[in-house]
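What follows is a single structure, written as structure tokens, with notes after it.
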Amino acid sequence: MTEKRGWLWISIGLICLLIVSSSFGAYYYMECLKYKQLYNESLTELQKYSKYMLVNILIDFGNGTKEWHNNTLVARGADVLNATRIVAEVNYIRGQYGAFVTHIRGVGGDPNTYWLWYVWNSTSARWDFGPIACDAYVLHEGEVVAWIYSKF
Amino acid sequence: MWPKITISAREISFTGVMTALCIGSNYLMIGLLNVKFMDLFVFVSGYLMGSLSGVSVGILTWLVYGTLNPYGSRLDILVATCIGESLYGLVGGLSAKFGLDVPPVSSMTIKEKRFWGSSIKMGLIGFLLTFIYDLFTNIVSGITVGIPPLFAIITGIPFAVAHEVSNFLFFFLLSNVLINAIQKVAFRGGETS
């Protein structure tokens, strides 16, 4: 009888251990499912961004006001004009060489003063004059461009 | 016909004192989620004074602690916790009735196998009762707030395990000592020597 009772209590003890281990098993299984789902969601989110890139845009209004738009998200293959239109209101005309920006955020049209764009040359550490029209220059990942309202 | 229930003045005062002890310790340990001495005290009440007294301590404690609680109060959950808590008192009374042995505690008996065997039994009872309590209250809480019971059980696992393991330890380490101490003070009039 005493031996039987001993086994009964051992069985109860094992049941308790089973409860604890099953609880941990169920909990970590659910955690695993949760983090798998989060991982898949993050992957989907990242895939969305594979069609985009980050560029930095400076707008110098020529009166001491300079605006930096760092890490601007633009579509891959976007040109300077497209990128600038994301961060500011731009007025432009189309000429035989491409787009010519007349106003940025309402600033422009002063005599002998024009909006010119530049690209940062990291090798020589200086601004290079935009080689072609702003709507013809395709931006690359991480590139830095500037619009400067310059008087001649 | 309802069975005639007689309650002595001693039982009423014991129930009151144990309820006060439960409520006091609950507020003291309010920062420790699901780690409370209350379950042990309710079980001990049932063991020493019978199931009715144990059940009363459990229900009365929750009527106060479940109503005046900074975490909020809901009637349906309050009813579930009252029922769940009364289980400790009920099983405490049944344990005494069916001869669950609690050896006297002294420097001699503490070295004996019998003492530790009894402690382990108490720990296992505490664990299983807590498991049933958590299962029941998690299901009720889940239904109340409108989430599937299985989901409620799984999300409540960390709290349930903390509750079960802490109660195992409390029952294992303290139940024998507490039962002996209360018996000595309340029923035998304290130390004789």
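Residue numbers (my numbering), protein chains in the order written: chain Z, 2 to 153; chain U, 8 to 200. No residue lacks a Cβ here, since even glycine has one placed at the ideal position from N, Cα and C. The structure displayed is predicted, hence computed values, not measured ones.
Buried versus exposed, by CB contacts within 10 Å (16 or more), residue i
i         : result
Thr22(U)  : buried
Met115(U) : exposed
Glu142(Z) : exposed
Asn41(Z)  : exposed
Asn33(U)  : buried
Thr66(Z)  : exposed
Ile66(U)  : buried
Glu32(Z)  : exposed
Asp46(U)  : buried
Thr88(U)  : buried
Gly163(U) : buried
Val56(Z)  : buried
Val168(U) : buried
Ser20(U)  : exposed
Leu97(U)  : buried
Phe25(Z)  : exposed
Ile20(Z)  : buried
Lys5(Z)   : exposed
Phe122(U) : buried
Lys128(U) : buried
Residues near residue i by beta carbon distance below 6 Å, same chain, minus five either side
i         : result
Val1(Z)   : The first residue shown for chain Z is 2 and the last is 153, placing residue 1(Z) beyond what the model contains.
Phe48(U)  : Met25, Leu28 and Cys29
Ser200(U) : Legend: pLDDT at Ser200(U) = 48, less than 50; position of this residue unreliable, value from coordinates given subsequently. Closer than 6 Å at Cβ, skipping near neighbours: no residue.
His70(Z)  : Ile58 and Val88
Ser126(U) : Phe179 and Asn183
Gly99(U)  : Phe50, Gly53, Tyr54 and Gly61
Lys43(U)  : Asn33 and Met36
Thr137(U) : His170, Glu171 and Asn174
Cβ-based neighbour list, residue i, same chain, cut-off 7 Å, excluding 5 preceding and 5 following
i         : result
Val86(U)  : none
Gly78(Z)  : Val139
Phe101(Z) : Tyr93 and Ile94
Glu18(U)  : Met56 and Ser60
Pro155(U) : Gly149
Presumed contact (8 Å Cβ cut-off) between residue i and residue j, rounded CB distance
i         : j         : result
Gly133(U) : Asn183(U) : In fact, because the Cβ distance is near 12 Å, the residues do not count as touching under 8 Å.
Thr181(U) : Cys17(Z)  : Note on identity: in this sequence residue 181(U) is Leu, with Thr being the wrong assignment. At roughly 18 Å, the Cβ-Cβ gap does not stay under 8 Å, so Leu181(U) and Cys17(Z) are not in contact.
Ala84(Z)  : Val75(Z)  : 5 Å
Phe166(U) : Asn41(U)  : 5 Å
Leu94(U)  : Tyr54(U)  : Not quite, the Cβ-Cβ distance comes to about 13 Å (not below 8 Å), so this is no contact.
Ile161(U) : Tyr28(Z)  : 6 Å
Phe153(Z) : Val108(Z) : Rounded, the Cβ-Cβ distance is 16 Å, inconsistent with contact.
Thr103(Z) : Gly110(Z) : 6 Å
Cα-Cα separation between residue i and residue j, rounded to whole angstroms
i         : j         : result
Ser63(U)  : Gly91(U)  : 12 Å
Ile205(U) : Met56(U)  : Since the displayed chain U opens at 8 and closes at 200, residue 205(U) lies outside it and no answer follows.
Tyr36(Z)  : Glu46(Z)  : 15 Å
Leu44(Z)  : Val51(U)  : 55 Å
Phe130(Z) : Trp116(Z) : 12 Å
Leu157(U) : Ile60(Z)  : 58 Å
Gly99(Z)  : Leu34(Z)  : 54 Å
Trp9(U)   : Leu59(U)  : 15 Å
Lys171(Z) : Glu171(U) : The structure shown does not extend to residue 171(Z), since chain Z spans only 2 to 153, so no value can be given for it.
Lys104(U) : Leu39(Z)  : 54 Å
Pro112(Z) : Ile105(Z) : 16 Å
Met36(U)  : Val71(U)  : 15 Å
Leu101(U) : Leu107(U) : 9 Å
Gly130(U) : Pro77(U)  : 30 Å
Lys49(Z)  : Val91(Z)  : 27 Å
Thr114(Z) : Trp148(Z) : 13 Å
Val192(U) : Lys118(U) : 23 Å
Pro132(Z) : Ser125(Z) : 16 Å
Val120(Z) : Glu144(Z) : 8 Å
Ile11(Z)  : Tyr30(Z)  : 28 Å
Leu7(U)   : Ile14(U)  : Only positions 8 to 200 of chain U appear in the structure, and residue 7(U) is not among them; the question remains open.
Arg81(U)  : Trp8(Z)   : 42 Å
Trp69(U)  : Gly31(U)  : 12 Å
Leu39(U)  : Leu185(U) : 22 Å
Leu15(Z)  : Phe177(U) : 19 Å
Ala16(U)  : Gly153(U) : 44 Å
Ser151(Z) : Asn64(Z)  : 10 Å
Lys120(U) : Gly79(U)  : 45 Å
Phe194(U) : Leu142(U) : 36 Å
Cutoff 8 Å; reference residue i; Cβ partners in own chain excluding five residues on either side
i         : result
Ile84(U)  : Gly73, Thr144, Val147, Ser148 and Thr151
Asn122(Z) : Trp128 and Asp129
Asn187(U) : Val109, Pro111 and Val112
Thr73(Z)  : Leu55, Val56, Asn57, Ile58, Ala84, Ile87 and Val88
Gln190(U) : Leu55
| Along the chain, which unbroken stretches of the alpha helix (DSSP H) at least 4 residues long are found entirely within the stretch 145 to 175 of chain U? | 156 to 162
| request: At 3 residues or longer, and completely inside the stretch 75 to 125 of chain Z: list those beta strand (DSSP E) runs for me, N to C. | output: 91 to 96, 99 to 105 and 114 to 122
| request: Jot down the residue ranges of each uninterrupted alpha helix (DSSP H) in the stretch 12 to 49 of chain U, minimum 4 residues, whole runs only, in chain order. | output: 16 to 35
| said: At 3 residues or longer, what runs of the beta strand (DSSP E) sit wholly inside the stretch 74 to 124 of chain U? | reply: none
| said: For a minimum of 3 consecutive residues, which ranges assigned as the beta strand (DSSP E) are wholly contained in the stretch 41 to 65 of chain Z? | reply: 53 to 61
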